[in-house]
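Enquirer:
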Amino acid sequence: MSSPSPKYTLDDAFRRIRRLLVTHKPLPGSDDAFINTFLNDLRSGADANSARLLVSLGIDINNYYQARCSKNQRKAFLHLIKKIILKTRDTSIYPITYPPELLTPAIRFDHALNTFTPEERKPLFEFDRGGQYVRVSNFNSYLKYIILKNLPLNPHLSRAIDKDSNEKLYYDFDMGRKYRTIRISKLESRKGWVFLACKEDVKELIETANVKDLLDYLGFYFQSISADDKFLTYEYPKEFDHPIFQPTSLTGDWGDASDKKIGFGNEFFMPYKIGEDWGRTYSVSGQDVRVRERIHSPLNNDDSHCFTFTVTPLGDLKETVEKANLMKILEEVLRRYEQSL
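So for the sequence shown, the numbering used here puts the first residue at 31; every next one is plus one.
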């Protein structure tokens with residue numbers, strides 16, 4: 031059964047956001063005039079990511095207008111969005127090879143967003159820390175972001191890391207010889223925020239090692255398959271006591287530009303209404319499946335404050351999935367916008 035068409039349009043979201051962020055007639059050259067221009071850029075940009083970002087900001091703003099939020103919390107959030115948008119005019123945050131006018135509005139927003147600390151853009155509502163969470167990763171990222179950063183807690187692994195190839199390391203992992211349990215005090219991702227899935231929602235896919243559907247439902251898009259892409263999942267212990275939140279636009283990945291390339295981030299991320307206390311993924315292929323998700327900020331504890339994670343190999347990705355039509359993604363974010371009102 032297909033989802034109903036959204037009642038609201040991109041222009042509807044744009045008008046509401048502009049009304050809340052910008053004075054009625056901003057003076058030329060003022061901060062409000064710059065914010066107004068940026069919002070117009072998001073609305074009229076040729077890339078779908080900028081349109082998705084605009085509506086996603088609208089969802090978060092709508093969430094802050096619900097009864098659970100105070101007037102001061104609402105004002106603080108709107109002020110933060112303004113500060114991030116105004117930061118996009120700082121040309122020093124962009125690579126020299128890509129001046130701002132060559133970057134999409136969404137990528138400019140992401141560069142500005144990353145100048146703010148996770149604490150500054152922390153979501154408002156904190157949830158159960160001891161819930162059953164899992165995270166899916168490829169083995170190379172597991173080595174880079176987990177094992178190498180936690181070697182002092184796992185000294186028995188250091189010799190193999192220095193000596194063996196990644197292929198041999200994965201073989202030992204797959205055979206159950208090493209890396210199935212690991213003590214962790216430091217944990218992050220490429221963009222800082224760590225996304226977690228509700229274990230109950232993906233339990234069957236993990237048990238059957240259905241990598242293709244698992245990555246699809248979690249919104250992980252792979253344009254091509256590499257022989258090095260071996261996947262795994264690690265389960266969070268019940269003792270995990272780091273704050274857990276529902277994701278917002280300010281924890282998403284909206285793209286990046288370096289001196290070598292431009293990336294468009296996670297093209298399937300979008301926030302979700304508050305009230306159910308979970309975010310929702312969107313399927314790469316556009317299937318009517320939404321996995322519950324939450325996030326936590328980077329973990330950087332003293333080694334005396336650590337947790338033991340259980341890690342399970344899943345194998346490789348046999349085939350890629352075709353991306354959903356961009357219009358279908360925009361329809362989904364507009365439906366979520368409607369639900370948040």
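For glycine and all other residues, C-beta sits at the position ideal for the given N, C-alpha and C.
Should the stretch 327-338 be called in touch with the stretch 216-228, which here means at least 3 C-beta pairs below 8 Å?
Expert: Flag = yes, the stretch 327-338 and the stretch 216-228 touch.
Enquirer: How many Å lie between GLU149 and ILE274 at the Cα?
Expert: Cα to Cα, GLU149 sits roughly 13 Å from ILE274.
Enquirer: Inspect the beta-carbon positions of PHE252 and LEU347 and report whether they are closer than 9 Å.
Expert: Taking 9 Å as the Cβ cut-off, PHE252 and LEU347 qualify as a contacting pair.
Enquirer: Which residues share a DSSP beta bridge with LEU262?
Expert: According to DSSP, which records beta bridges pairwise, LEU262 is partnered with SER167 and PRO343.
Enquirer: In chain order, what residues of the same chain have a beta carbon less than 6 Å from the beta carbon of TYR266, not counting five sequence neighbours either side?
Expert: The answer, listed in chain order, is TYR163.
Enquirer: To the nearest angstrom, how far is the alpha carbon of ASP42 from that of PRO58?
Expert: Using only the alpha carbons, I get a separation of about 24 Å.
Enquirer: Taking the C-alpha atoms as reference points, what is the distance between LEU40 and LYS233?
Expert: Distance between the alpha carbons of LEU40 and LYS233: 36 Å.
Enquirer: Going by the CB atoms, is the gap between ALA227 and THR342 shorter than 9 Å?
Expert: Cβ atoms of THR342 and ALA227: not closer than 9 Å.
Enquirer: Suppose contacts are defined by Cβ-Cβ distances below 9 Å. Is LEU84 in contact with LEU69 by that definition?
Expert: Yes, they are a contact pair.
Enquirer: Output the boundary residues of the alpha helix (DSSP H) element that contains THR211.
Expert: Careful: THR211 lies outside any alpha helix (DSSP H), inside the beta strand (DSSP E) at 211-214.
Enquirer: Could you tell me the distance, in whole angstroms, from the CA atom of SER195 to the CA atom of TYR201?
Expert: Computed Cα separation, rounded: 10 Å.
Enquirer: Is the CB-CB distance between ALA142 and THR127 below 9 Å?
Expert: No, they are not a contact pair.
Enquirer: So, for ASP332: in the same chain, excluding its five sequence neighbours on each side, which residues have a beta-carbon less than 8 Å away from its beta-carbon?
Expert: Same-chain partners within the cutoff: SER215.
Enquirer: Determine contact between the stretch 74-92 and the stretch 277-289, defined as no fewer than three beta-carbon pairs at a distance below 8 Å.
Expert: Because the criterion of three Cβ pairs below 8 Å is met, the stretch 74-92 and the stretch 277-289 touch.
Enquirer: Ordered along the chain, which non-local residues of its own chain (more than five positions away) have a Cβ less than 8 Å from that of THR211?
Expert: Around THR211: THR338, PHE339, THR340 and VAL341.
Enquirer: Are there 16 or more other CB atoms within 10 angstroms of the CB of ASP318, so buried, or fewer, so exposed?
Expert: When all chains shown are included, ASP318 counts as exposed.
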